[in-house]
Amino acid sequence: MHDLPLGEATFVAFDLETTGLSPSYCRIVEFGAVRFQLGQPEATCFSQLVDPECAIPRDVIRIHGITTAMVRGKPTVAEALPRFLAFLGSEQTVLLAHHARFDLGFLRAAQVATGIALPGHAVIDTLDLARTCLPALPSHRLEYLASRLGVADREEHRGLSDARLVMAIFQRMVSGRPGLRRLRDLCALSPPLRLTSQEEAIRLPPGFEALAEAVETSCVVEMVYDGGSRGLSRRRITPRGLYRSGGRPYLVAYCHLDQMEKTFRVDRIREFRLGK
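Per our numbering, the very first residue in the sequence shown carries number 229; after that it's consecutive.
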């Protein structure tokens, strides 16, 4: 497969919508995917709402617009996951996802919950690819990239629309790039993940070890955070989980200031203490 010209490879860009940020206790509510080949005008689409068998939090509904009423009676993840996997096709298909570790975490949680085995597709994280190809940009969020690359001018935050954005930004980033002719060249730019690979061990910086304890106990944390729309601000959070992306550790937590679940870069936490 590594010697296959990019123009002959089949790609599937996909995106999941969920009830929250942590696969430990949140669930999938929508699959969206697009199958395509570079330079070909036609693409095949897959879209499926999923009944998570629980209520969707109001703060999450504000993000993707999927309500509990919309998914009631839809296929459960046990019914929808095999349809999604069938759409992916053979393991020679190369998968694309933006912030792929997030989506892979939910797929692996679904595997555990349903007992449905995941195939061994290679997964290119377009977030990591964008950081390599476009290092000077101040942000590599999907919507920001789509706007800067001129492939979208509005945000929908639905599975299929985001999968289309992933496809579009991938096409723009690899089109005409010198030396990028075969799959091995793409893998050199962004080493692929595997649908079935294990999660990376999360190593926190020195002095942050107590955050792991806070995650385990759901202990409230008072912190000063330098990032996001509020800039440097004091926040009260309830940690939910930790994960890695692009070599950095991130903390998923309920932010009491914004009254919603958010993701925080650990290296931007200037100080913190565990609450009582």
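Heads up, the beta-carbon is just placed ideally off N, CA and C, and yes, glycines get one too.
Contiguous alpha helix (DSSP H) elements confined to the region 289 to 320 occur at 296 to 299 and 305 to 316, taking only those with 4 or more residues. Just measuring C-alpha positions, the residue of Ser250, Val394 and Glu437 sitting nearest alanine 481 is Ser250. Excluding the 5 residues flanking it on each side, glutamate 450 has same chain C-beta neighbours closer than 6 Å at Arg464, Arg501 and Gly503, in chain order. Residue state for serine 375 is assigned as helix, using DSSP reduced to three classes. Contact check for glutamine 265 and threonine 238: beta-carbon distance about 6 Å, within the 8 Å limit, so the pair qualifies. Methionine 298 and valine 322 have their alpha carbons spaced roughly 31 Å apart. Our two residues, proline 347 and leucine 423, have alpha carbons roughly 7 Å apart in a direct line. Counting C-beta atoms within 10 angstroms of its own C-beta, threonine 246 has 16 or more neighbours from the protein chains shown and is therefore classed as buried.
In the structure shown, the three-state DSSP call for threonine 247 is coil. Boundaries of the beta strand (DSSP E) harbouring glutamate 450: 449 to 454, taken from the DSSP string. In terms of Cα proximity to phenylalanine 334, the closest of Ser318, Leu357, Gln320 and Leu309 is Leu309. Membership of aspartate 353 in the beta strand (DSSP E) is indicated by the continuous run 350 to 353. Of the residues Arg369, Val262 and Ala341, the one whose Cα lies closest to the Cα of histidine 327 is Arg369. Rounded to the nearest whole angstrom, the C-alpha separation of arginine 386 and glycine 260 is 8 Å.
For the set Glu499, Glu258 and Glu307, the Cα lying nearest the Cα of isoleucine 289 is the one of Glu258.
Per the Cβ contact rule, the region 437 to 455 is not in contact with the region 407 to 419 (fewer than 3 Cβ pairs under 8 Å). Per DSSP, reduced to three states, the secondary structure at phenylalanine 398 is helical. Closest in alpha carbon position to leucine 232, among Pro434, Leu479, Cys483 and Cys415, is Cys415. In terms of CA proximity to leucine 362, Ser418 leads the group Arg263, Asp287, Ser418 and Arg468. Beta-bridge partners assigned by DSSP to isoleucine 497: Tyr453. Annotated as proximal: valine 494 and proline 433, with beta-carbon spacing under 8 Å.
With 16 or more other Cβ atoms inside 10 Å of its own Cβ, threonine 354 counts as buried. Secondary-structure assignment with DSSP links leucine 470 through a beta bridge to Leu479. Around the beta-carbon of histidine 484, fewer than 16 other beta-carbon atoms lie within 10 Å, marking it exposed. With a cutoff of 8 Å on beta-carbon distance, isoleucine 397 and leucine 365 are scored as not near each other. Phenylalanine 259: member of the beta strand (DSSP E) spanning 256 to 264, first to last residue. If you check the CB distance, alanine 391 and valine 262 come in under 8 Å. For glutamine 339, the secondary structure class from DSSP, reduced to helix, strand or coil, is helix. Between alanine 241 and methionine 395, the gap from beta carbon to beta carbon is short of 8 Å.
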